[in-house]
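Q:
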Amino acid sequence: MRGGRLFDIERDYRAERRLDRQVDEAAAEALFAADPEALRAQARTAATRRDLRSMLATGAVLRRHKALDGQSRDDYCGALRADGRFGEAAAVLSEGLALQADPSAGALVEYAEFLAADGQFDAARASAQRASAIGWKDSRPDNLARRAKWVSRFHRAAPSTLSWEEARLAVEGGLMLQAESVTKAFLVRLLTEPPAGEPPSVDAIGLARAGHQLGLHDLVRPLVRRAYEAAPQGDAVVELQIQSLSADGEAPAALALAAGLPPLSEDRGLEESALRQRRRLRYAAAEAQAAAGELESAIRTLGALVTADRKDYAPLTALQRCTGAYVLERLDLPWAPPRPPKIINLLPFYNERTLLEMRLQEMGEWVDHFVIVEAATTFTGQPKPLNFESLRGAYADRGDQLLHVALRGIPDCMDTAWARDFYQRDMAVAALAGLWRPDDIILITDADEIVDRRALEYWPHLASLRMATSKFFLNYCAEPKSNHANRRSGAICRAETLARHGVTYVRTALSAARKDWETVPAAGWHFTSIGDAEGVTSKFNAYAHQEAGKVELRDAAAVGDHLTAIRAGRYEPGWSRRPVDERFPRFVRDNQALLAPLLLGDGAAE
27 MRGGRLFDIE
37 RDYRAERRLD
47 RQVDEAAAEA
57 LFAADPEALR
67 AQARTAATRR
77 DLRSMLATGA
87 VLRRHKALDG
97 QSRDDYCGAL
107 RADGRFGEAA
117 AVLSEGLALQ
127 ADPSAGALVE
137 YAEFLAADGQ
147 FDAARASAQR
157 ASAIGWKDSR
167 PDNLARRAKW
177 VSRFHRAAPS
187 TLSWEEARLA
197 VEGGLMLQAE
207 SVTKAFLVRL
217 LTEPPAGEPP
227 SVDAIGLARA
237 GHQLGLHDLV
247 RPLVRRAYEA
257 APQGDAVVEL
267 QIQSLSADGE
277 APAALALAAG
287 LPPLSEDRGL
297 EESALRQRRR
307 LRYAAAEAQA
317 AAGELESAIR
327 TLGALVTADR
337 KDYAPLTALQ
347 RCTGAYVLER
357 LDLPWAPPRP
367 PKIINLLPFY
377 NERTLLEMRL
387 QEMGEWVDHF
397 VIVEAATTFT
407 GQPKPLNFES
417 LRGAYADRGD
427 QLLHVALRGI
437 PDCMDTAWAR
447 DFYQRDMAVA
457 ALAGLWRPDD
467 IILITDADEI
477 VDRRALEYWP
487 HLASLRMATS
497 KFFLNYCAEP
507 KSNHANRRSG
517 AICRAETLAR
527 HGVTYVRTAL
537 SAARKDWETV
547 PAAGWHFTSI
557 GDAEGVTSKF
567 NAYAHQEAGK
577 VELRDAAAVG
587 DHLTAIRAGR
597 YEPGWSRRPV
607 DERFPRFVRD
617 NQALLAPLLL
627 GDGAAE
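27 is the number of the first residue of the sequence shown in my numbering; add one for each residue after it.
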C-alpha cells in the first residue's frame with residue numbers, strides 16, 4: 027500500500043485491467059485471424075451484455091483491422107468512454123466522422139465532450155460550435171445535460187480568465203459530476219496559468235484537496251503552503267499537510283500529525299460543516315497510517331468513521347481494503363500445482379441451514395469447493411456458537427467439497443461491527459492455501475445468495491452478480507420495476523484478483539467500479555431475512571447492518587406483526603407474492619411441502 031490517494035478504487039480497477047488487456051487483445055486477434063465474423067459476433071454479444079472488458083478488446087482489434095462499422099464503432103466509443111479513455115474515444119469517433127459527408131450535431135457534440143475530457147479544449151470548442159451551427163438541442167437526461175453545460179464553461183474561457191473562486195467552483199462541480207478526466211486537465215491548466223493574485227484560503231484549500239484527489243500532489247504544493255500560512259492549525263490545513271507528506275513518502279512526519287488529532291468523543295459537539303471537515307481529517311490520518319504499514323491503527327480509525335456514518339462510502343471501502351490487506355499479509359497462501367481451473371464459492375455462515383441445503387442442491391453439481399467461514403463472535407461483538415461445526419458430520423459424504431474456516435477469536439483492531447464483518451468474510455481465503463490456482467473462478471456470496479449456473483456460461487472474469495430478491499418468504503418477491511429487483515448480490519472474479527485485494531473489497535467495491543457495466547443479470551436468487559420472527563431478529567441483531575432505518579428488525583414482536591400482515595395480503599409497495607414456478611431454484615420447486623413455513627400462501631404454481 028502506498029501514499030498519495032491510497033484508497034483508490036479506480037486505480038485498483040485499472041491495474042487489474044492492465045493485466046488483462048494484453049491477453050484479451052491477443053485472444054481477440056487470434057479469433058479475427060481465424061474467423062472475422064466470429065469476432066464481430068463476439069463484439070455484438072459483449073455489447074448486449076455490457077461486458078466492458080470484452081468490448082474494449084474486440085473493439086481494439088476491429089479498429090486495428092479497419093473493420094469497425096457504424097454500430098461497432100458506437101459500441102467501442104461507449105466502452106472507451108465508460109473506461110475513462112476519452113482521448114482514444116475521440117480518435118475513434120473522429121475516424122467515423124471523417125467517413126461522413128454531413129455528420130450529425132449529436133455526433134459533433136459527443137466528439138466535443140471526448141475532446142474536452144481529454145483536455146483538448148480548443149478542438150472541443152470548435153466541434154461544439156459546429157454542432158450549434160447545425161442547430162443541436164440538448165434533450166438528454168438531466169445529468170448528461172448538466173455535464174455538457176458544465177463542460178461548455180471550459181470551452182468558453184481559459185482558466186486564467188476566471189477568479190480563484192470561479193475556478194474552485196468549476197473544479198468542485200466537475201468532481202461532483204464524476205468528470206475526473208476533464209477536471210484534471212482543467213486543474214493542470216489552471217495551476218500552470220493561475221488567476222491573478224494570491225488565492226483566498228478557502229479556494230486554496232478546495233483546489234489543493236481536489237489536486238490530491240486527482241493525484242496532482244506536486245502541482246498543489248504552493249496551494250498547501252498558502253493555506254498553511256493563513257490557518258496553520260485548522261483541520262483542513264492539517265488534512266492537506268498529512269496528504270502531502272504521505273504522497274512524498276514521509277510517513278513518520280505524516281503519522282506525527284495524525285497522532286495529534288483530538289479524541290473521537292470531541293467530534294460530537296461540532297456543527298455539521300466542522301464535523302464533515304473533521305471526518306476528512308481522520309480519513310487522511312487513516313491513509314497515513316496505512317501508508318506507513320500501521321494497518322491496525324488504520325482499521326481502528328476507519329471503523330470508527332464507518333460506525334459514525336454508514337453512508338460515507340469512502341471510509342467504508344477503505345476499511346474493506348485495509349482489512350483485506352491485513353488478512354492477506356498474515357496468511358501464507360501458496361498456489362496449487364498446475365491443474366484445470368476450479369469453481370470455488372466463498373460465503374459466511376450464521377445459521378442458515380435451509381439455505382445451505384438449497385445451495386448444495388442447486389450448486390453442488392458444478393462447484394468444486396464451498397468455503398464456509400464462521401466466527402464465535404457476531405459482527406456486533408456478542409458470543410455465538412459455531413453452528414456449522416455442529417453440522418459437519420451430516421455432510422461428511424461431501425469430503426473436501428465443503429471447507430470450513432472457524433474463527434474462535436477476532437483481532438483486537440477489529441473493534442467495530444463493520445471491521446468484524448469484513449474480517450470474517452476475508453478470512454475465507456485461509457482454507458485455500460495450496461488449493462487454489464490463479465485462474466480459478468471465485469464466487470463471492472452471502473449465505474442467502476444462490477448462484478444460477480447459467481450465470482457462468484458467459485462471464486469468466488471480474489463482475490458483480492445481480493439476483494432476483496425475495497425477503498421474509500421465499501416467494502415474497504421484489505417486482506420487476508422495483509428498486510429492489512435484480513440488485514447487486516455477490517461477485518465473480520479470478521483467484522489472482524482475490525489474492526491481490528481480499529474478499530470484501532472485490533465483492534463490494536472493485537466488482538462495482540464500472541457501475542452498470544460488467545454486471546451479470548439474472549445471476550441467481552437472493553433470499554434475504556427468510557424465516558420466522560425470532561430467526562429474522564436474531565440474525566439482524568448479529569449483523570453489522572444496524573442502521574436506524576431498520577430498527578423494526580431488532581424487535582421480534584414487530585417482525586411477527588409484519589409477517590402476519592404480509593400473510594394477510596397487505597404487501598409492501600414493490601413487493602408481491604409469486605407462485606413457485608420455473609423462476610425458482612429446483613430445490614424450492616421440489617420441496618414445497620417441506621418449505622411450507624417459508625412460503626407465502628400455499629406456494630403452489632397457479
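A virtual CB, placed ideally from N, CA and C, is assigned to each residue, including glycine.
Which whole-angstrom value describes the C-beta separation of Ile476 and Pro605, a residue pair presumed to lie in contact below a C-beta threshold of 8 Å?
A: In fact, because the Cβ distance is near 19 Å, the residues do not count as touching under 8 Å.
Q: Who are Glu400's beta bridge partners in DSSP?
A: Glu400 is bridged to Ala432.
Q: Figure out for me which residue from Thr530, Gln146, Asp587 has the closest Cα to the Cα of Ile35.
A: It is Thr530.
Q: Using three-state DSSP, classify Trp444 as helix, strand or coil.
A: Reduced to three states, the DSSP call for Trp444 is helix.
Q: Less than 9 Å separating the beta-carbons of Pro367 and Asp465?
A: Yes, these two residues count as a Cβ contact at 9 Å.
Q: Quick check on the burial criterion: 16 or more other C-beta atoms within 10 angstroms. Buried or exposed for Glu632?
A: Only weak support exists for where Glu632 lies, its pLDDT of 41 falling under 50; the coordinates are left without a value.
Q: So the candidates are Pro248, Met384, Gly223; which of them puts its Cα closest to the Cα of Ala234?
A: Checked all of Pro248, Met384, Gly223; the closest Cα to Ala234 is Pro248.
Q: Only counting runs of 4 or more residues, tell me where the alpha helix (DSSP H) segments fall wholly within the region 587 to 620, in order along the chain.
A: With a minimum length of 4 residues, the continuous alpha helix (DSSP H) runs that stay inside the region 587 to 620 are 612 to 616.
Q: Per DSSP, what kind of secondary structure is Gly407 in: helix, strand or coil?
A: Correct three-state label for Gly407: coil.
Q: Report buried or exposed for Val397, applying the criterion of at least 16 other Cβ atoms within 10 angstroms of its Cβ.
A: Buried, by the Cβ-count rule.
Q: In or out: Arg37 buried (at least 16 other Cβ within 10 Å) or exposed?
A: Classification for Arg37: exposed.
Q: Drop a sphere of 10 angstroms on the beta-carbon of Leu345, count the other beta-carbons inside from all chains shown, and report buried for 16 or more, exposed for fewer.
A: By the neighbour-count rule (16 or more Cβ atoms within 10 Å), Leu345 is buried.
Q: If you follow the alpha helix (DSSP H) that Tyr352 is part of, which residue opens it and which one closes it?
A: Looking at the DSSP string, the run of the alpha helix (DSSP H) that includes Tyr352 is 339 to 356.
Q: Tell me which residues share the same chain as Leu328 and place their Cβ nearer than 7 Å to its Cβ, disregarding the 5 neighbours each side in the sequence.
A: Around Leu328: Ala312, Pro341, Ala344, Leu345, Cys348.
Q: Since Ala362 and Trp462 are thought to touch, with beta carbons under 8 Å apart, how far apart are those beta carbons, to the nearest angstrom?
A: Sure, about 6 Å apart at Cβ, within 8 Å.
Q: Might you give, ordered along the chain, the residues of its own chain that have their beta carbon closer than 8 Å to the beta carbon of His243, omitting 5 neighbours on each side?
A: For His243, where only same-chain residues beyond five positions count, the Cβ hits under 8 Å are Gly30, Gly237, Gln269, Ser270, Ala273, Asp274.
Q: Assign Arg492 to one of three DSSP states: helix, strand, or coil.
A: Note: Arg492 maps to strand in three-state DSSP.
Q: So, helix, strand or coil for Tyr502, using DSSP?
A: Tyr502: strand per DSSP, three-state reduction.
Q: So Thr84 and Ala54 are in contact, right, with Cβ under 8 Å, and what is the actual spacing, rounded?
A: The Cβ separation is near 5 Å, so the contact holds.
Q: For the region 189 to 199 against the region 217 to 227, do three or more pairs of beta-carbon atoms, one drawn from each stretch, fall closer than 8 Å, so that the two count as touching?
A: Yes: the two stretches touch, three or more of their Cβ pairs being nearer than 8 Å.
Q: Any contact between the region 467 to 481 and the region 545 to 552? By contact I mean 3 or more CB pairs, one from each, below 8 Å.
A: They touch, by the three-pair rule.
Q: Grouping DSSP H, G and I as helix and E and B as strand, with all else coil, what is Arg540?
A: Coil.
Q: Could you say which of Asp50, Gly110, Leu45, Leu88 lies nearest to Arg66 if we only look at CA atoms?
A: Checking every option, the nearest Cα to that of Arg66 belongs to Leu88.
Q: Out of Ala143, Tyr254, Ala149, point me to the one whose CA is closest to Gly200's CA.
A: Checked all of Ala143, Tyr254, Ala149; the closest Cα to Gly200 is Ala143.
Q: Is Leu428 near the ligand NAP, with its Cβ less than 8 Å from a heavy atom?
A: Absent from the structure shown: the ligand NAP. Ligands present: none.
Q: Which value, in whole angstroms, describes the spacing of the CA atoms of Tyr137 and Lys337?
A: Cα to Cα, Tyr137 sits roughly 36 Å from Lys337.
Q: Alpha carbon to alpha carbon, what distance is there between Leu381 and Asn413?
A: Each residue's Cα considered, the two are about 14 Å apart.
Q: Taking 8 Å as the cut-off, does the region 391 to 409 touch the region 421 to 433 (at least 3 CB pairs, one atom from each stretch)?
A: Yes, they touch.
Q: Only counting the same chain, and skipping five residues up and downstream in sequence, which positions put a Cβ closer than 7 Å to that of Ser153?
A: If we look at Ser153 and ignore the five residues flanking it on each side, its Cβ neighbours are Leu134, Tyr137, Ala138, Leu141.
Q: In angstroms, rounded to a whole number, what distance separates the CA positions of Ala105 and Glu522?
A: Between Ala105 and Glu522, the C-alpha separation is close to 24 Å.
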